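Keeping their order, the protein sequence lines are chains A and B.
Here UniProt numbering is used: position 19 in the first sequence is 19, and no number is missing along the way.
Here UniProt numbering is used: position 97 in the second sequence is 97, and no number is missing along the way.
In this text, a Cβ means the ideal position worked out from N, Cα and C, and glycines have one as well.
These numbers come from a predicted model, not from an experiment.
Protein chains: 2
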Amino acid sequence: MAVSGSSGGSVKARVLLQQCLHARLQVRPPEEDCEAQWLEMNRGMVIYVCFFKGATEDIVPKMVNTLLNMKLSETDSGTYTSVLDLPGSVLVIPQATLGGRPKGKRMQYHGNIDKDDGQKLYTSFVAHCEKELSLATKCSEAGTEVKHGTYGNRQVLKLDTNGPYTHLMEF
Amino acid sequence: MAVSGSSGGSVKARVLLQQCLHARLQVRPPEEDCEAQWLEMNRGMVIYVCFFKGATEDIVPKMVNTLLNMKLSETDSGTYTSVLDLPGSVLVIPQATLGGRPKGKRMQYHGNIDKDDGQKLYTSFVAHCEKELSLATKCSEAGTEVKHGTYGNRQVLKLDTNGPYTHLMEF
Chain A
1 MAVSGSSGGS VKARVLLQQC LHARLQVRPP EEDCEAQWLE MNRGMVIYVC FFKGATEDIV
61 PKMVNTLLNM KLSETDSGTY TSVLDLPGSV LVIPQATLGG RPKGKRMQYH GNIDKDDGQK
121 LYTSFVAHCE KELSLATKCS EAGTEVKHGT YGNRQVLKLD TNGPYTHLME F
Chain B
1 MAVSGSSGGS VKARVLLQQC LHARLQVRPP EEDCEAQWLE MNRGMVIYVC FFKGATEDIV
61 PKMVNTLLNM KLSETDSGTY TSVLDLPGSV LVIPQATLGG RPKGKRMQYH GNIDKDDGQK
121 LYTSFVAHCE KELSLATKCS EAGTEVKHGT YGNRQVLKLD TNGPYTHLME F
C-alpha cells in the first residue's frame, strides 16, 4: 500500500476512515409519492472510497483486507483493534470528491476513474467487505453488518462519533 | 499548494474538508461534578487539520485563505461557492490522526509535528479563520462564526450533512 506523498502518480484508490457510534445514510432521495429511504448502522467504521484512473479489480481484495484489519477501532477498555475484532459494522460510502485536485478556487477530478468502472470496483469493494465480515467469527456472532451508499448519488450522512479518529489511506 | 501524490516529502499540513448542515463538538469531557461541554454550529464547512514536522507559521495565512475561498459550499440553487460567500460557519477540528502512515496493522505518526508546535499553529490557524470571516461582509452580516475543537483532546463529533462532499488538501 502507498501513503500520500510517497507514491508518485501511482495511487489507484484513496480511502478515508472514520470511527462511528451511529450513522444514518440516505440511500434513496425523497420523491413525490415516497419518503427518502435511509439505512442505519451502529458502532463501527465508515469507509469513504474513491478510485482513480487505472484502478483494477485486483487491488480490491487487498484494500479490503488491509482496511478491515487495521487496528483503528477503540475498544471499551480504550485499546485499539480492527473493526473485525471489535466487532463492528462497516459503512461504505462512495466519495469521488476525495479524488479532487485544486485548480484555482475549484476542484478538478481529472484523475478519477470513469463512472462505469468506478461503479464496478465499488460494487466489488462492498462485496469483499461482506465476505470478510461473514468469515469473521466475532462479526457473525455479533451480527455486525456491511451497509453501503448508492454509487453516483448524493450521500446525505448523519454521523455520531466518539471522536472520528480520521485516517487517510492510499493504495 | 501541493496535492497528495505530487508533493514528495514536502507536505507541511493535511486538511480534510466536509460540508455540514449542523454539527456538535464536545469541547470539554464530562467530569464528576460537571456535564460535558459542547459547541454547536449550523451550515458551513468542517476543517480537520493536521500539521507535519517542518510546518511553520508562514504557511497558515495562505492555507486559511485558500481553504475559505475554495468553491466547495453548495448554495440553495445547487451551485458551489466559498464558505465566505455562502455565507457559512467554519468548524476547525484538530485531527492529528490524519498524519498517520500504516505500518503493518497499526498507524504511526512519526511525521506529525510535536505537540507544542502543533498547538501554536492550530491556534494561529483558528485566529486566521476568525480574521477572514470578520473581514467577509456576508459573514459579518449573517453572523456566521468560527468554532473550534480543543487541541489534544478527543474530538467527540456529531455531524449532519446534506452530503459531506469530502475533499483532501495538502500544503
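Measure the C-alpha to C-alpha separation of residue i and residue j and round it to an integer number of angstroms.
{"i": "residue 173 (chain A)", "j": "K12 (chain A)", "result": "Residue 173 (chain A) lies beyond the range of chain A shown here (1 to 171); nothing can be said about it."}
{"i": "A127 (chain A)", "j": "G149 (chain A)", "result": "13 Å"}
{"i": "M70 (chain A)", "j": "E170 (chain A)", "result": "13 Å"}
{"i": "S124 (chain B)", "j": "S140 (chain A)", "result": "48 Å"}
{"i": "L16 (chain B)", "j": "H167 (chain B)", "result": "6 Å"}
{"i": "P87 (chain B)", "j": "M45 (chain B)", "result": "10 Å"}
{"i": "E40 (chain A)", "j": "T144 (chain A)", "result": "12 Å"}
{"i": "N112 (chain B)", "j": "Y48 (chain B)", "result": "14 Å"}
{"i": "N162 (chain B)", "j": "W38 (chain A)", "result": "13 Å"}
{"i": "H110 (chain B)", "j": "P164 (chain B)", "result": "29 Å"}
{"i": "T97 (chain B)", "j": "C50 (chain B)", "result": "8 Å"}
{"i": "M1 (chain A)", "j": "K62 (chain A)", "result": "Any answer about M1 (chain A) is weak, because its pLDDT of 47 lies below 50 and its placement is not dependable; what the coordinates show is given next. M1 (chain A) and K62 (chain A): Cα-Cα distance of roughly 9 Å."}
{"i": "T137 (chain A)", "j": "V27 (chain B)", "result": "37 Å"}
{"i": "V83 (chain B)", "j": "V90 (chain B)", "result": "8 Å"}
{"i": "G100 (chain A)", "j": "D160 (chain A)", "result": "26 Å"}
{"i": "D76 (chain A)", "j": "T66 (chain A)", "result": "23 Å"}
{"i": "V156 (chain A)", "j": "L25 (chain A)", "result": "6 Å"}
{"i": "S10 (chain B)", "j": "G54 (chain B)", "result": "9 Å"}
{"i": "S6 (chain A)", "j": "A142 (chain B)", "result": "Because the pLDDT at S6 (chain A) is just 44, under 50, the model does not fix this residue reliably, and the value given afterwards should be weighed accordingly. Using only the alpha carbons, I get a separation of about 43 Å."}
Could you tell me whether the Cβ of residue i comes closer than 8 Å to any Cβ of chain A?
{"i": "V60 (chain B)", "result": "no"}
{"i": "D160 (chain B)", "result": "yes"}
{"i": "M70 (chain B)", "result": "yes"}
{"i": "K115 (chain B)", "result": "no"}
{"i": "M107 (chain B)", "result": "yes"}
{"i": "L163 (chain B)", "result": "First, the residue type needs correcting, since residue 163 (chain B) is Gly and not Leu in the sequence shown. Closer than 8 Å to some Cβ of chain A, the Cβ of G163 (chain B) qualifies, so yes."}
{"i": "Y48 (chain B)", "result": "yes"}
How far does the beta strand (DSSP E) with residue i in it reach, from first residue to last?
{"i": "L141 (chain B)", "result": "Checking the sequence shown, residue 141 (chain B) turns out to be Glu, not Leu. No beta strand (DSSP E) contains E141 (chain B), which is instead part of the alpha helix (DSSP H) from T137 to A142."}
{"i": "A13 (chain A)", "result": "A13 to C20"}
{"i": "K147 (chain A)", "result": "V146 to H148"}
{"i": "C50 (chain A)", "result": "G44 to F51"}
{"i": "L91 (chain A)", "result": "S89 to P94"}
{"i": "E40 (chain A)", "result": "Q37 to M41"}
What did DSSP end up calling residue i once you bin it into helix, strand or coil?
{"i": "S73 (chain A)", "result": "strand"}
{"i": "P164 (chain A)", "result": "coil"}
{"i": "I113 (chain A)", "result": "coil"}
{"i": "F171 (chain B)", "result": "coil"}
{"i": "residue 172 (chain A)", "result": "Outside the displayed range of chain A (1 to 171) lies residue 172 (chain A), so it cannot be described from this structure."}
{"i": "K62 (chain B)", "result": "helix"}
{"i": "L25 (chain A)", "result": "strand"}
{"i": "S124 (chain A)", "result": "helix"}
{"i": "E31 (chain B)", "result": "strand"}
{"i": "Q155 (chain B)", "result": "coil"}
{"i": "T81 (chain B)", "result": "strand"}
When the cut-off is 8 Å and only beta carbons count, does residue i lie next to chain B?
{"i": "T97 (chain A)", "result": "yes"}
{"i": "S77 (chain A)", "result": "no"}
{"i": "T56 (chain A)", "result": "no"}
{"i": "L168 (chain A)", "result": "yes"}
{"i": "V15 (chain A)", "result": "no"}
{"i": "S73 (chain A)", "result": "no"}
{"i": "Q155 (chain A)", "result": "yes"}
{"i": "G88 (chain A)", "result": "no"}
{"i": "G152 (chain A)", "result": "no"}
{"i": "P102 (chain A)", "result": "yes"}
{"i": "S82 (chain A)", "result": "yes"}
For residue i, count neighbouring C-beta atoms within 10 Å of its own C-beta (all shown protein chains included) and say buried if the count is 16 or more, exposed if not.
{"i": "E31 (chain B)", "result": "exposed"}
{"i": "E132 (chain A)", "result": "buried"}
{"i": "P29 (chain B)", "result": "exposed"}
{"i": "K103 (chain A)", "result": "exposed"}
{"i": "G152 (chain A)", "result": "exposed"}
{"i": "L135 (chain B)", "result": "exposed"}
{"i": "K147 (chain B)", "result": "buried"}
{"i": "Q108 (chain A)", "result": "exposed"}
{"i": "A36 (chain B)", "result": "exposed"}
{"i": "S73 (chain A)", "result": "buried"}
{"i": "R14 (chain B)", "result": "buried"}
{"i": "C34 (chain A)", "result": "exposed"}
{"i": "R106 (chain B)", "result": "exposed"}
{"i": "G118 (chain B)", "result": "buried"}
{"i": "T56 (chain B)", "result": "exposed"}
{"i": "residue 173 (chain B)", "result": "Look at the range of chain B in this structure, 1 to 171, and you will see that residue 173 (chain B) is not part of it."}
Considering only heavy atoms of the ligand MG, does any lie closer than 7 Å to the CB of residue i?
{"i": "E31 (chain B)", "result": "Because no ligand of any kind appears in the structure shown, any question about the ligand MG cannot be addressed here."}
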